[in-house]
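See structure below.
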Amino acid sequence: MTFEDFNFDEKLLDGLSSMGYTKPTPIQGQAIPMILENHDLIACAQTGTGKTAAYILPILNKVLHADHRHLNTLVIAPTRELAQQIDQQIEGFAYFLGVSSIPVYGGGDGATWDQQRKALEQGADIIIATPGRLIALLAAGTIKFDHLEHLVLDEADRMLDMGFYDDIVKIINYLPKKRQTLLFSATMPPKIRMLANKILTEPKEINIAIAKPAAGILQQAYVVHDAQKGAVLKHVLKTVPWKSVIIFASTKETVKKLDVVFQKGGLNARAFHSDLEQQEREEILRAFKNKQVNMLIGTDVLSRGIDVEGISLVINWDVPPDPEDYVHRIGRTARAETTGTAVTLINERDQRKFYSIETLIDSVIPKLPLPPEAGEGPAYEPQKKKNISGHGRGGGGGRPGGGGRRGGQGQGHGRPRGEANGNGANANANGGEKSDRRRPKRRRGGNRGGGDNRNTGNAGGNTENKGAA
DNA sequence: AAAAAAG
């Protein structure tokens, strides 16, 4: 299949080939014809699947022949950075097409507000907005959507997580009833279904996304006490090759603390979170993309959608509260057919959360032994039972970081894609069917045995849960 | 149980 198959306008095809687009991704192959046929669409897909182009290209093809005096398309996205990025991607094509787009989001000073107003007065074909500012502009009467033809909700699940349900409904009340609506979401929880029923008409459905990280990502974890995180972080930064790295933490406070440490260490790092001025956020991201800054310490505001080349390493200082966020965090590496490493530090409190991630992605992530300088860590026992005090398995030999057991660890890195974990644990070879919703209740094999840490008896633990209903 | 987004 090629882009020629879609009967795109010559100008768009020229643009595509000069930008190096050759072959549609799976989601593009499925979504583009449906969108061209004016169907509403629910698409389960993550970033990194070519999702943005999947809706932008057919919309651009239609906008080419539309009346350029009116706003034609509204894209709503959860974060400002994502809105910017979508806008930039559109600009890339617009260059060839004479189609215009405006990003609209808050956080700037008064000047930004005025700029956006002015830009809107000049008119544009496509507007990419975050909900808050959009509502403000609608309420002020600055934006008129009387002739809108397309509405896109990007990362819809994320937006609902962030409490935007009412805002979205409010925005939709300003839109013409007759329009094409496209909803993209990484997951399909009931709330998304409800929203879809409310705002879509006889939608087609596509399901591309498997909550499964790209094949090029080598995933690893260390089971640690809090006090050991620093030493392990250092070790990882030293032993895994990287040019640009993102270190994720779940709270702004943690990000700020880490930043202080990094600055003291003289590292070329910047913190990234929502307490920063928007201008600063933009400047930092720009510097990171330019490689003037090579380390970013960020909250989950960075975890979705941000596409920066050359991030070969992602470190999770902690386990994200929402398992989906894990997939998004590590998806910042290994973009565009490259490979990358994702390392997660798991303390005692986070073990259950990490286990639910392993369940979600249906694979067991290897727990590496701690480097000697970090000392000995706790065991990985996410399914901890309330043991009657005294017995239980205690710690005998079950330590992933078990002393002296480091043989052959270094080779974990830089492994070619496809055998990321180097063991059978990645039981994911199927095309990604998620029939496997079971939730094992039993304690798994864990790291018992202290043998080859890459593959400790987890498989065995998994087979048991058939009986559990 | 945390972040983000309007000001």
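Numbered by the UniProt record's numbering, the letters in the first sequence go through residues 1 to 469 in order.
Even glycine gets a Cβ: it sits at the ideal position worked out from N, Cα and C.
query: Hey, out of L267, D87, G15 and E376, whose CA is closest to A227's CA?; result: E376
query: Alpha carbon to alpha carbon, how far is R417 from T341?; result: Only weak support is given to the placement of R417: the predicted model assigns it a pLDDT of 33, under 50, and the value that follows is read from those uncertain coordinates. Those two C-alpha atoms are separated by around 11 Å.
query: Does the separation of the CB atoms of L60 and L12 fall below 8 Å?; result: yes
query: Helix, strand or coil, according to DSSP, for F96 in the structure here?; result: helix
query: Per DSSP, which residues does N268 bridge with? Please list them.; result: Note: N268 sits in no beta bridge, so no partner.
query: Please name the residue, chosen from N290, I199, G331 and P382, that lies closest to R352 on a Cα-to-Cα basis.; result: P382
query: Between which residues of its own chain and M19 is the CB-CB distance below 8 Å, once the five residues before and five after are set aside?; result: G92 and F93
query: Return helix, strand or coil for G230, following the three-state DSSP convention.; result: helix
query: In whole angstroms, give me the CA-to-CA distance for R415 and S312.; result: For R415, the predicted structure reports a pLDDT of 35, less than 50, and the residue's modelled location is therefore unreliable. A value from the coordinates is still provided. Taking the straight line from one Cα to the other gives about 12 Å.
query: Please state whether the Cβ-Cβ distance between D300 and P323 is less than 8 Å.; result: no
query: Quick check: what's the CA-CA separation for M1 versus T22?; result: 9 Å
query: Between residue 470 and the rest of its own chain, which residues show a CB-CB distance below 6 Å, the 5 nearest in sequence each way excluded?; result: One cannot answer for residue 470 here, as it falls past the ends of the chain, which runs 1 to 469.
query: From what residue to what residue does the beta strand (DSSP E) around V63 run?; result: Not the beta strand (DSSP E): V63 falls in the alpha helix (DSSP H), residues K51 to V63.
query: Helix, strand or coil for Q351, going by three-state DSSP, please let me know.; result: helix
query: Between the segment 135-146 and the segment 63-78, can you find at least three pairs of beta-carbon atoms closer than 8 Å?; result: yes
query: Quick check on the burial criterion: 16 or more other C-beta atoms within 10 angstroms. Buried or exposed for D5?; result: exposed
query: Hey, quick one: how far does the alpha helix (DSSP H) through N197 stretch, first residue to last?; result: P190 to I199
query: Among the candidates Q85, N38 and I86, whose CA atom is the shortest distance from the CA of P58?; result: N38
query: DSSP beta-bridge partners for F3?; result: Beta-bridge pairing links F3 to no other residue.
query: According to DSSP, simplified to helix, strand and coil, what is Q28?; result: helix
query: Three-state secondary structure (DSSP) at V364?; result: coil
query: For A336, count the other beta carbons within 10 Å of its own beta carbon; 16 or more makes it buried, fewer makes it exposed. Which is it?; result: exposed
query: Rounded to the nearest angstrom, what separates P189 and D157 at their Cα positions?; result: 8 Å
query: Would Q85 be called buried (16 or more neighbouring beta carbons within 10 Å of its own) or exposed?; result: buried
query: Kindly list the residues whose CB is nearer than 7 Å to the CB of E356, restricted to its own chain and excluding five residues on each side of it in sequence; keep chain order.; result: Looking at the sequence itself, residue 356 is Ser, so the reference to Glu does not match. Excluding residues within five positions, the ones whose Cβ falls inside 7 Å are P323.
query: Whole angstroms are fine: how far does the CA of R179 sit from the CA of P103?; result: 21 Å
query: If you run the structure through DSSP and keep just helix, strand and coil, what is L175?; result: coil
query: Compute the beta-carbon to beta-carbon distance between T130 and R304, rounded to the nearest angstrom, for a pair I have assumed lies under 8 Å.; result: 13 Å between Cβ atoms; not a contact.
query: Excluding five sequence neighbours on each side, which residues of the same chain lie with their C-beta closer than 6 Å to the C-beta of E419?; result: With a pLDDT of 32 at E419, under the threshold of 50, the predicted position of this residue should be treated as unreliable, and no value is reported.
query: Decide yes or no for the touch test of the segment 214-230 against the segment 274-292: beta carbon pairs closer than 8 Å, at least 3 of them.; result: no
query: Would you please state the rounded distance, in angstroms, between the beta carbons of P213 and G331? I believe it to be under 8 Å.; result: 6 Å
query: On the criterion of 16 or more Cβ atoms from any shown chain inside 10 Å, does K220 qualify as buried, or is it exposed?; result: For the record, residue 220 in the displayed sequence is Gln; it is not Lys. With 16 or more Cβ atoms within 10 Å of its Cβ, Q220 is classed as buried.
query: Verify whether the separation of the beta carbon atoms of L200 and E155 is less than 8 Å.; result: no
query: T181 to I172, Cα distance in whole Å?; result: 10 Å
query: Rounding to the nearest angstrom, what Cα-Cα distance links D166 and R133 in this structure?; result: 14 Å
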